[in-house]
Each structure stands twice: as structure tokens, then as C-alpha cells.
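Residue numbers (my numbering), protein chains in the order written: chain A, 286 to 592; chain B, -1 to 259.
For glycine and all other residues, C-beta sits at the position ideal for the given N, C-alpha and C.
Fair warning: this is a prediction, and the values are worked out from it, not measured in the lab.
To start, the structure itself, in C-alpha cells.
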Amino acid sequence: MNAAQSWIVVADDAAATGLVEVARTLGTEVVAVVAGRRAVAEAVAGVVDRVLWLGEPGTAPVEAFAPDVARLVAEAAPRAVVGATTPGGRALLGAVGAALRSPVLAGVERVELAGDDVVVTRSVLGGISQHRTAVAGGPAVLAVDAGAAVAVSDTAAAVEEVAATPLPAQVVEVRPTTVAGVDLGAARVVVGVGRGLKAREDVALISGLAGALGGEVACSRPLAEGVDWLPKDRYIGISGQRVSPELYVAVGISGQLQHMVGVREAKVIVAVNSDKAAPVFAQCDYGIVGDLYQVVPALTAALGGTA
Amino acid sequence: MKIVVAYKWAPNPQDADVAADGSVDLGRAKWAVSEYDPVALELARQLADATGGEVIGLTVGAAGIDTPLARKAALSRGLDRLVLVADDALDGADGTRVAAVLAAAVRGIGDVDVVLAGDSSVDVAAGQVALTLAGTLGWLGLAAVSAVRVADAGTAGLVVERELPAGTAVVSVPTPVVLAATADAVVPRVAGMKDILAAAKKPVEVLSLAELSVAEPGAVLTTLATAKPGGAERTARIFDGSDAAAAATELVGALRQSGAL
Ligand SMILES: Cc1cc2nc3c(=O)[nH]c(=O)nc-3n(C[C@H](O)[C@H](O)[C@H](O)COP(=O)(O)OP(=O)(O)OC[C@H]3O[C@@H](n4cnc5c(N)ncnc54)[C@H](O)[C@@H]3O)c2cc1C
Ligand SMILES: Nc1ncnc2c1ncn2[C@@H]1O[C@H](COP(=O)(O)O)[C@@H](O)[C@H]1O
């Protein structure tokens, strides 16, 4: 094992600050292998020591390069390999984990070195517990949140092109998303709504409350995936956004752990639910047991907004 | 077309008891087909019906995953047959090891065109096993798949749609391929009495871990410590909403007083 090195695997995405940060903690030399466009390789070259680039992908999806990425990583046998939790990132990490026969650790919150071992603090089982885990005998393979795009730098490493043989597959069409992205992370107040809502039109009711509170509207997963009443970047939880606002208001949300993990860091949590036995009431600071169709307009009015 | 669905028989951590030191007791947890895996089972059935193919369920885990209830739960969801690897040596196995066992079983089944899997499991929830399985097999693996159909006449393979952050991508893929479905790709069927009765007659093959050739792990994990995750302990002050206006006034007052507003 090459203990001085740690590698990042980049899936055509310059949002890699999170990857670099973790890799820097675990190795003195950070090597990036980039599957994707040259522009991404060049951006990453500004923040790492060495960049291996697999060439212009053309119409190949980034996942087609997973075997090439795995081969390069396995040859180098670094102490740690870090990739993103995005669909493309997980595909590259899957091939790496398979080649190294090493577990891919997700839910990574903190990393450190203990001698030659990588020690990872990670949340497990949907966030109900936190484990400190030592990886010994082989490389640690870590899936981490990608973080922001890497900053542009003018002292960049050279981009070394490496011949690749991508698996045959072709992206034949991309229909870009039309909805504007939202930065829930910056909101002081977030109002989340769940399956307690009966109709799509009623989202207006929630927007009214969010407006009166000067906050953003968010939701549980079923409202974004399944019924599509709200865009996917507005759902909160283990597979969605994690937020830490001053105030989170959960309306018609039962409080399943996969949702609540996303608001654990909120300063104050308020729940509105018609079922007094809903698990959300055991995880909030204030609760109103009642019908959201009565409580939400009343709240909006009490805040001086128009219900 | 021969389609394998890798699905997990898993405990729901929602019902776990977590001690102050972070140790987890899953004794009260309800076991079921992992929450989103029925989506993969349904996609597989629809694809097989369109191509006149066969759907084989595949699951691996500790001995406890092989119960009559667990078999029926999977077989009543549109499978033609089931292959199980149930061995206590797999208790708590990490995702890469699970993927290695699944890969060995897929090779054993032979001539598989497509492996379908869920988005992420209800307990581990890493969204990793399907993609590590693809890596082990050396096949293409795609996550975030929202639709699958056979390619138009004259072209081989499949056309899949993916929901990616940048938008919807349509990808033409040859087989064999591993596809992990989004949670809302299709609405899974609700098994009826007829499906449940038919399930009892479908073939089940139990493979022993010993007869599969699975490589030894290349790295070893040791749990050094467990902890109950941080975050404030919250004790709710509950207002009765039967008089909504009064409850709203009280809540807003309390929030203002505490400085949250
Ligand atoms: C691997 C995995 C990952 C997941 N990731 C996420 C995630 O990231 N985010 C997420 O949110 N979920 C996630 N889930 C799903 C999660 O387990 C729950 O199913 C989901 O959060 C439930 O959404 P809900 O609370 O809106 O709906 P429900 O659980 O159906 O709750 C609806 C609530 O509304 C209440 N209600 C009904 N009518 C009214 C009314 N008139 N007034 C007031 N209240 C009313 C009900 O009492 C109920 O409590 C995940 C699940 C899995 C297995
Ligand atoms: N033990 C298992 N047996 C069969 N399939 C599994 C197993 N574990 C995970 N999978 C599949 O891989 C998907 C992702 O699981 P995970 O990586 O645990 O989030 C699941 O939805 C299943 O389709």
C-alpha cells in the first residue's frame, strides 16, 4: 500500500472540494483520476498534486469509465480513495471497492489517521447511530458529500491523459431541468410539508406560512418523488437535503427517521400534525396537534400574513 | 431476456432501540422487502412481460432472511423464481462483500441480461451495493434509473432514462447491465390473494456460501466506538389545535419569547 497517497475519483463534476478536503487529511500527496470532460480535469488540477484524465467522454456516460478508474486506483494501491455520493460518484466507487475488495463507507462525517489506519466517524442505519470505524489491511474507500465546486487556481498541476477503454453505452439525449435551484441551506426558516397535504393546490397554503415567516418551502420525500408536487431539491432527509435553520416547521410530516435526520441540526423544530401519536412529536420543541388546514391559516394570520 | 432482481430482506431501523452509548437493538424492528425494492421488482416484471423474459429474485444475508414469510413477500411480487444465499457468515457483511456474493450468484444463474436493484436499502441506505455488484461483474452499472425499455427493432440492448441533477438523460445501453431504480420509477403492484397463493408454488433455490467462489476481503473494518448522534434533546411543548386560532397565538407567542422569531 502506498501510504503517502490518497486518491479522489471524479465523476465529471468540479464540485469536489469535499473530496479534496477528506483526501488531504489522509495523504500527503493527493492524486485525482477524472472521468469526464477536460474542463473538469483542469479545474481539479488546481487543487490536487497530480491529475490523471481519461480523455474526452463524447457520448459515453461517466459510469462507462468505472473499470478504467478502478484499474488505475488498484495499481496505485493508495491509503484512501474518496469519491462523491452522486450517482456517478457511487458508480466509480463501486468499481473501486470491487477491485480492492474493500467496503465503500458512506455517511462519512469525519476522518483521521491513527498510525497507518484510516479512522472514519460515520452515521449508520439511517442516522440512528454513529460509529468510529478503523479500516486496516487495505485502502479505505469513502463516499462523501461532494461539497462546492473547486476554486479556480493558476498554479495547477499538469493534466496527464491516460488511455481508456470505456464500456459501450451512449447518452442519446439530455433534457435539462427547468426549475430554478433553491439553496435551502441558506434559509433562516424552513417550512416542510408532507403527505398530510391533500392536493397539489394546497402547497399555496404552505407557501403562505413560509412567506409570513420569511422562509423557504421544503417537503418530505414522497411529495417530491412520487407525486412531484415540489421539486426534488426541496426534499429534506437522508437522501435529500440536510438543513440547519433557526426554525424548522414540519407540517403533515410523520417524522420518520429518514426525514428527521435532515433537520437534526435545526435550532428549533415545530410540528403540526393531526395525529397526536405521530413520531414527530417526540422530536420537536413545540407541537400543535390539529388539522393543518385549520392550523396553518391560523398560524399565518397570527404572524400577520395573509392566509 | 433473463432479469435478476437483487432485493434486500431488511429490518426497518425506525423501530430500533438506540441506547445512550449508540448501540442499536433491532429486536423490535419489522423485517420486510426493503422499502424501495418493490419498485425494482415491478420494473423487472414489466420489462420481462415486454420481452417474454424471466424474472429471478436474488437476495443474500444471514440465515434469518430465509423464512416462509420472506419468501412469499418476494415471490408474490411478480417473480418467476427465487435464489437465496442465507448464511450466518453474512450477518452484518459490508456492501462490498454482499456485492461479491451477489456477483457469484449472478454468474451461477448464468446468461443474465439485466440486474435490477433498488435505489438504497432501508437499513444501510448507502446506495452502493448495486454499483459495487456492477464493478465486481465488470458490467456497466447505472443508478438513478427511472424508466427502462427494450431498444427499437434492429438495435440491441436497452434504452434507460435517468433522473440526474442536471436533468433527464436517455442512455442507450447494451446488456449485460446493472440498473438501480429511483424510488418512484414505477408504482409497485399490491400483491393480491392470487399472487400470494401462486407464490407458494414457485421454485426456490438455496445456494450455500461455501459453493460460491467469493474472494476474501481486502480490508478489514473494526468498530472502535459507537455513539448516539448529537443534536439537541427536544422536549415538546404541545398545544391543542382543536381551537386553531388560540393554538396559533400561543405558539407564535412562545416562539417570540424564546427568540426563535
Ligand atoms: C432508504 C430510504 C431513504 C429515504 N430518504 C428519505 C428522505 O431523504 N426524506 C424523506 O422525507 N423521506 C425519506 N424516506 C421516506 C421516509 O421513510 C418516510 O416514508 C417519509 O418521510 C414519510 O413522509 P411523510 O411524513 O410526508 O408521510 P407520512 O409518513 O405518510 O406522514 C403523513 C403525516 O401527515 C399527518 N396528517 C395527515 N393529514 C393531516 C392533516 N389534515 N393535518 C395535519 N397532519 C396530517 C399524518 O398524521 C401523518 O403523520 C426514505 C426512506 C428510505 C427507505
Ligand atoms: N443483501 C442484499 N441482497 C440483495 N440485494 C441487496 C442486498 N443489499 C442491498 N441490495 C440491493 O442494493 C440496493 C442498495 O442497497 P444499499 O447499498 O444497502 O443502499 C438495495 O435496494 C437492493 O436492491
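Can you find a heavy atom of ligand 2 that lies under 7 Å from the Cβ of residue i?
{"i": "L100(B)", "result": "yes"}
{"i": "S118(B)", "result": "yes"}
{"i": "S32(B)", "result": "yes"}
{"i": "T65(B)", "result": "no"}
{"i": "T371(A)", "result": "no"}
{"i": "T134(B)", "result": "no"}
{"i": "L56(B)", "result": "yes"}
{"i": "A380(A)", "result": "no"}
Among the options, which has the Cα closest to the Cα of residue i?
{"i": "G482(A)", "options": "I538(A), V528(A), T344(A) and S438(A)", "result": "Note that residue 482(A) is Leu in the sequence shown here, rather than Gly. When each option's Cα is compared against that of L482(A), the closest is I538(A)."}
{"i": "V409(A)", "options": "W137(B), V148(B) and P227(B)", "result": "P227(B)"}
{"i": "A428(A)", "options": "L129(B), T134(B) and L88(B)", "result": "L129(B)"}
{"i": "M286(A)", "options": "S559(A), A551(A), G331(A) and V366(A)", "result": "V366(A)"}
{"i": "P174(B)", "options": "D111(B), R187(B), E161(B) and G239(B)", "result": "D111(B)"}
{"i": "V171(B)", "options": "A183(B), A164(B), G190(B) and V146(B)", "result": "V146(B)"}
{"i": "F350(A)", "options": "G133(B), L88(B) and A46(B)", "result": "G133(B)"}
{"i": "E203(B)", "options": "K28(B), P186(B), G55(B) and A115(B)", "result": "G55(B)"}
{"i": "G477(A)", "options": "V447(A), L337(A) and L577(A)", "result": "L577(A)"}
{"i": "T247(B)", "options": "V581(A), A587(A) and G493(A)", "result": "A587(A)"}
{"i": "F237(B)", "options": "A230(B), A252(B) and E231(B)", "result": "A252(B)"}
{"i": "A443(A)", "options": "A563(A), A320(A), R485(A) and L337(A)", "result": "L337(A)"}
{"i": "G239(B)", "options": "W292(A), E397(A) and K561(A)", "result": "K561(A)"}
{"i": "G411(A)", "options": "Q541(A), P582(A) and E531(A)", "result": "Q541(A)"}
{"i": "G499(A)", "options": "E314(A), L532(A), S438(A) and V403(A)", "result": "L532(A)"}
{"i": "G368(A)", "options": "E486(A), G423(A), V305(A) and V404(A)", "result": "V305(A)"}
{"i": "P564(A)", "options": "I194(B), A234(B), V250(B) and L259(B)", "result": "A234(B)"}
{"i": "V580(A)", "options": "L195(B), L207(B) and V250(B)", "result": "V250(B)"}
Could you check whether residue j and residue i sit closer than 8 Å to each other, using their CB atoms as the reference points?
{"i": "V557(A)", "j": "V536(A)", "result": "yes"}
{"i": "A61(B)", "j": "L210(B)", "result": "no"}
{"i": "T221(B)", "j": "D19(B)", "result": "no"}
{"i": "D298(A)", "j": "V316(A)", "result": "no"}
{"i": "I107(B)", "j": "V81(B)", "result": "yes"}
{"i": "T166(B)", "j": "D117(B)", "result": "no"}
{"i": "V393(A)", "j": "A355(A)", "result": "no"}
{"i": "N10(B)", "j": "A38(B)", "result": "no"}
{"i": "T322(A)", "j": "P352(A)", "result": "Residue 322(A) is actually Arg in this sequence, not Thr. No, the Cβ-Cβ distance between R322(A) and P352(A) is not below 8 Å."}
{"i": "R26(B)", "j": "D15(B)", "result": "yes"}
{"i": "L339(A)", "j": "V447(A)", "result": "yes"}
{"i": "A189(B)", "j": "G575(A)", "result": "no"}
{"i": "V318(A)", "j": "V358(A)", "result": "yes"}
{"i": "A497(A)", "j": "G590(A)", "result": "yes"}
{"i": "L219(B)", "j": "V389(A)", "result": "no"}
{"i": "G364(A)", "j": "Q290(A)", "result": "Here residue 364(A) turns out to be Arg, not Gly, going by the sequence shown. The answer is yes: Cβ separation under 8 Å."}
{"i": "A97(B)", "j": "L140(B)", "result": "no"}
{"i": "E52(B)", "j": "R187(B)", "result": "no"}
{"i": "L162(B)", "j": "P516(A)", "result": "no"}
{"i": "G155(B)", "j": "A164(B)", "result": "no"}
{"i": "V176(B)", "j": "V122(B)", "result": "no"}
Given 7 Å as the limit, tell me if residue i has its C-beta closer than that to any heavy atom belonging to ligand 1.
{"i": "N287(A)", "result": "no"}
{"i": "Q126(B)", "result": "no"}
{"i": "S438(A)", "result": "no"}
{"i": "V557(A)", "result": "yes"}
{"i": "P342(A)", "result": "no"}
Contained beta strand (DSSP E) runs [length at least 3] in the segment 126 to 212 of chain B, N- to C-terminal order: 138 to 148, 156 to 162, 165 to 171, 175 to 179 and 202 to 205
Practice item. Taking only runs that begin and end inside the segment 336 to 394 of chain A, name each unbroken alpha helix (DSSP H) of 4 or more residues, in chain order. Key: 351 to 361 and 372 to 385
Curious, which full-length alpha helix (DSSP H) runs of at least 4 residues does the segment 454 to 508 of chain A contain? 488 to 498
Go through the segment 514 to 542 of chain A residue by residue and report every complete run of the beta strand (DSSP E) that reaches 3 residues or more, in order.
532 to 536
Would you mind listing the beta strand (DSSP E) stretches within the segment 37 to 71 of chain B that are 3+ residues and don't spill past its ends, in chain order?
52 to 59
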